[in-house]
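A short worksheet on the structure shown next.
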Amino acid sequence: MKNELTVNHKKNSFLFFLYLVGLSIIGFLATDMYLPAFDKMRLDLGTSKSNISATLSLFLAGYGIAQLLWGPISDKFGKPKTVLMGLSIFTISSLGIYFTHNVYLLLFLRLVQAIGVCAAAVSWQALVIERYPKDQTNKIFASIMPLVALSPALAPLMGAFLLNYFGWRSIFIALALIAILLIVYTLTIKDEKNAVQQDDQIKDSSLDNSYLSLLKSNKFLGNVLIYAMCSAGFFAWLTGSPFFLKELGYNESQIGLSFFPQTVAFLIGGYGYRALTSKIEGKKLLPYLLVIYSLSMVALYLITITITPTLTILLIPFCLMALANGACYPIVVSEALKSAAHNVGKAAAMQNTIQLGLCFMASGLVSLFSKDALLSTTIVMCGTIPLVYIGYKLSLKGKTA
């Protein structure tokens with residue numbers, strides 16, 4: 031069985047890798063591709079800006095919470111069937127949006143879209159754990175996660191192109207077509223696991239498979255807390271930067287371009303770590319990355335309270351933080367999911383929900399105190415540091431789910 035899986039995996043490795051990339055980014059495409067079309071949608075549907083904005087808020091809420099529904103389904107019925115169910119729901123709702131002329135129906139269909147696409151978000155991470163040997167999972171995550179970070183930057187550009195040439199409704203047809211391609215490939219996948227993961231599942235079959243058991247696992251919770259808080263620091267910046275850069279005198283074009291260096295830094299971090307996976311163990315590298323993350327946050331705060339900064343001065347420590355996150359994410363995500371190999375669907379769902387929830391809280395705090403956007407942003411970013419180190423201490427205790 032093990033040899034058969036190894037041969038099959040090598041034969042389809044590149045296609046399967048592209049498939050995992052597709053599953054990992056489709057949720058972000060659904061989130062960001064239609065952003066340039068907000069005003070055209072408002073005019074076409076004869077509604078208010080707040081109603082159109084609510085389609086994004088409702089999607090994000092559904093995307094964060096509904097993952098908890100798909101976790102148990104994926105563990106019970108298998109990842110391929112879960113992807114088929116979820117992406118079928120996503121495809122039907124995307125096509126429904128193409129035909130809708132009512133904003134309230136649009137709101138409902140965006141929620142259904144989010145619920146459906148969650149299946150892909152849960153399953154791709156679980157598939158990495160199930161289909162690859164333990165010593166390769168960090169490398170696979172390090173290959174995919176930088177592309178996930180790149181997708182929010184590229185998605186609005188794709189959406190703007192479709193909007194200009196084919197109208198806003200074509201964006202949802204494009205999303206449906208991407209989902210259909212993923213569904214077609216999913217039909218070729220058998221519900222099988224690598225031999226090591228099967229052995230783990232047999233040994234751990236007597237363990238508690240509930241979400242509560244995951245929260246009782248020091249190793250799982252510690253790594254997830256690192257992932258979530260580093261992400262929250264990132265989201266605090268994404269929320270606050272349009273406000274404080276405007277206050278510092280930068281225009282919309284310059285603000286838009288400011289996202290490019292941090293994306294490149296994240297890519298360098300992710301692929302830099304990927305190149306090092308065969309030379310240094312991720313767990314040994316992690317504390318150094320967390321020190322870089324922390325020093326970057328403190329530097330941003332000190333810059334804020336001592337001088338009136340320029341964009342370049344702010345981007346230097348922030349890009350350093352993005353680089354550290356790019357290398358850190360594959361390590362902690364892999365370690366968290368490997369600690370719950372018998373329960374990996376629920377583990378991925380819980381991990382993503384915690385991450386999105388804490389990112390939402392960080393973003394909300396920055397928005398609440400946006401009157402002094404730069405100071406509130408850097409305070410929230412620094413506030414993640416203690417929780418990052420609590421997560422690191424928990425991860426060292428080693429109790430698995």
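Mapping to our numbering: the sequence shown position 177 is 207, numbers consecutive.
For glycine and all other residues, C-beta sits at the position ideal for the given N, C-alpha and C.
Task: When Ile333, Tyr303 and Tyr93 are compared against Pro347, the one with the closest alpha-carbon - done: Stepping through the sequence shown from its first residue, residue 347 is reached at position 317. Nearest of Ile333, Tyr303 and Tyr93 to Pro347, Cα basis: Ile333.
- [ ] Take Ser153 and list the residues in its own chain whose beta-carbon comes closer than 7 Å to its own, dropping the five residues that flank it on each side.
- [x] The residue given as residue 153 occupies position 123 in the sequence shown. Closer than 7 Å at the Cβ level, and outside the excluded window around Ser153, lie Leu53, Ser104, Lys109, Thr112 and Val113.
- [ ] State yes or no: is the C-beta of Met63 nearer than 8 Å to some heavy atom of the ligand GDP?
- [x] Absent from the structure shown: the ligand GDP. Ligands present: none.
- [ ] In angstroms with no decimal places, state the Cα-to-Cα distance between Ala258 and Tyr93.
- [x] If you number the sequence shown from 1, residue 258 lands on position 228. If you number the sequence shown from 1, residue 93 lands on position 63. For Ala258 and Tyr93, the distance between alpha carbons rounds to 16 Å.
Open item on the list: Can you find the residues in the same chain that come closer than 8 Å, C-beta to C-beta, to Leu137, ignoring five residues on each side of it along the sequence?
Closed with: As a position in the sequence shown, residue 137 is number 107, starting the count at 1. Once the five neighbours on either side are set aside, the close Cβ partners of Leu137 are Asn81, Ala84, Thr85 and Leu88.
- [ ] List in chain order: all unbroken alpha helix (DSSP H) runs of 4+ residues lying wholly within the region 87-143.
- [x] If we require 4 residues or more, the alpha helix (DSSP H) runs fully inside the region 87-143 come out as 97-107 and 109-129.
Task: Local Cβ density within 10 Å of Val214, reported as buried at 16 or more and exposed below that - done: By one-based count along the sequence shown, residue 214 stands at place 184. Here Val214 is exposed: its Cβ has fewer than 16 other Cβ atoms, across all protein chains shown, within 10 Å.
TODO: Just confirm the distance between the C-beta atoms of Ser425 and Glu365, as a whole number of angstroms; I'd bet it's less than 8 Å.
DONE: Taking the sequence shown and counting its residues from 1, the one referred to as residue 425 is at position 395. Taking the sequence shown and counting its residues from 1, the one referred to as residue 365 is at position 335. Indeed, because the Cβ distance is near 7 Å, the residues count as touching under 8 Å.
TODO: May I ask you to report which of helix, strand or coil DSSP gives Leu217?
DONE: Start at 1 with the first residue of the sequence shown, and residue 217 comes out as number 187. Coil at Leu217, not helix or strand.
- [ ] Give every residue of the same chain whose Cβ lies closer than 7 Å to the Cβ of Ser397, excluding the five residues on either side of it in the sequence, and list them in chain order.
- [x] Here residue 397 is taken as the residue at index 367 of the sequence shown, counted from 1. Cβ neighbours of Ser397 beyond the five flanking positions: Thr269.
TODO: Locate the alpha helix (DSSP H) running through Ile174, then write down its first and last residues.
DONE: Start at 1 with the first residue of the sequence shown, and residue 174 comes out as number 144. Run containing Ile174: Lys164 to Phe196, per the alpha helix (DSSP H) assignment.
Open item on the list: Rounded to whole angstroms, what is the Cα-Cα separation between Ala403 and Met380?
Closed with: The count along the sequence shown starts at 1 and reaches residue 403 at position 373. The count along the sequence shown starts at 1 and reaches residue 380 at position 350. Cα to Cα, Ala403 sits roughly 31 Å from Met380.
Open item on the list: On the CB-based measure, 16 or more other CB atoms within 10 Å of its CB, does Pro317 come out buried or exposed?
Closed with: Here residue 317 corresponds to residue number 287 of the sequence shown, with the count starting at 1. Exposed, since its Cβ has fewer than 16 Cβ neighbours within 10 Å.
TODO: Reducing DSSP to helix, strand and coil, say where Ser54 ends up.
DONE: Within the sequence shown, numbered from 1, the residue matching residue 54 stands at position 24. In the three-state reduction of the DSSP assignment, Ser54 falls in the helix class.
- [ ] Out of Leu345, Gly57, Met327 and Leu244, point me to the one whose CA is closest to Ser181's CA.
- [x] Locating residue 181 in the sequence shown gives position 151, where the first residue counts as 1. Taking only the C-alpha atoms, the option nearest Ser181 is Gly57.
Task: Rounded straight-line distance, which links the Cα of Thr293 to that of Leu244 - done: Taking the sequence shown and counting its residues from 1, the one referred to as residue 244 is at position 214. Taking the sequence shown and counting its residues from 1, the one referred to as residue 293 is at position 263. If I take the Cα positions, the gap works out to 32 Å.
Open item on the list: Extract the residue ranges of the alpha helix (DSSP H) inside the region 301-363, only unbroken runs of 4 or more that lie entirely within it.
Closed with: Fully enclosed alpha helix (DSSP H) runs of 4 or longer: 312-336.
Open item on the list: Quick check on Phe273: does DSSP put it in helix, strand or coil?
Closed with: Within the sequence shown, residue 273 is the residue found at index 243, counting from 1. In this structure, Phe273 counts as helix in the three-state DSSP scheme.
TODO: Would you kindly work out how many angstroms separate the C-alpha atoms of Gly263 and Ser324, rounded to a whole number?
DONE: Sequence index remark: in the sequence shown, residue 263 carries index 233 (1-based). Sequence index remark: in the sequence shown, residue 324 carries index 294 (1-based). Gly263 and Ser324 have their C-alpha atoms some 10 Å from each other.
Open item on the list: Which of the three DSSP states is assigned to Tyr64 in this structure?
Closed with: As a first step, residue 64 is located in the sequence shown; it is residue number 34 there, counting from the start. Note: Tyr64 maps to coil in three-state DSSP.
Task: Presumed contact (8 Å Cβ cut-off) between Tyr419 and Ala357, rounded CB distance - done: Mapped onto the sequence shown, residue 419 falls at position 389. Mapped onto the sequence shown, residue 357 falls at position 327. Not a contact, Cβ separation roughly 17 Å.
Open item on the list: Going residue by residue through the region 356-411, where are the continuous beta strand (DSSP E) segments of at least 3 residues, counting only ones entirely within it?
Closed with: DSSP runs (the beta strand (DSSP E)) wholly in the region 356-411: none.
TODO: Check whether the Cβ atoms of Tyr128 and Phe202 lie closer than 9 Å to each other.
DONE: Translated into positions along the sequence shown, residue 128 becomes position 98. Translated into positions along the sequence shown, residue 202 becomes position 172. Against a cut-off of 9 Å, the Cβ pair of Phe202 and Tyr128 comes out as a contact.
Open item on the list: Between which residues of its own chain and Leu353 is the CB-CB distance below 8 Å, once the five residues before and five after are set aside?
Closed with: Numbered from its first residue, the sequence shown carries residue 353 at position 323. Only Ala295, Phe296, Ile298, Gly299, Gly302 and Ile322 meet the Cβ criterion.
Task: Secondary structure of Gly263, DSSP reduced to three states - done: The residue given as residue 263 occupies position 233 in the sequence shown. Annotated three-state conformation of Gly263 is helix, per DSSP.
Task: Cα-Cα separation between Ala377 and Ala370, rounded to whole angstroms - done: Residue mapping note: residue 377 aligns to position 347 of the sequence shown, counting from 1. Residue mapping note: residue 370 aligns to position 340 of the sequence shown, counting from 1. When rounded, the distance between both Cα atoms is 6 Å.
Open item on the list: Using 8 Å for Cβ pairs, my map puts Ala209 next to Leu117. What's the rounded Cβ distance?
Closed with: To locate residue 209, count along the sequence shown from 1; it is residue 179. To locate residue 117, count along the sequence shown from 1; it is residue 87. The pair is a contact, with the Cβ atoms about 5 Å apart (cut-off 8 Å).
Task: C-beta contact flag for Ala179 and Thr61 at 9 Å - done: The count along the sequence shown starts at 1 and reaches residue 179 at position 149. The count along the sequence shown starts at 1 and reaches residue 61 at position 31. Between Ala179 and Thr61, the C-beta spacing is not below 9 Å.
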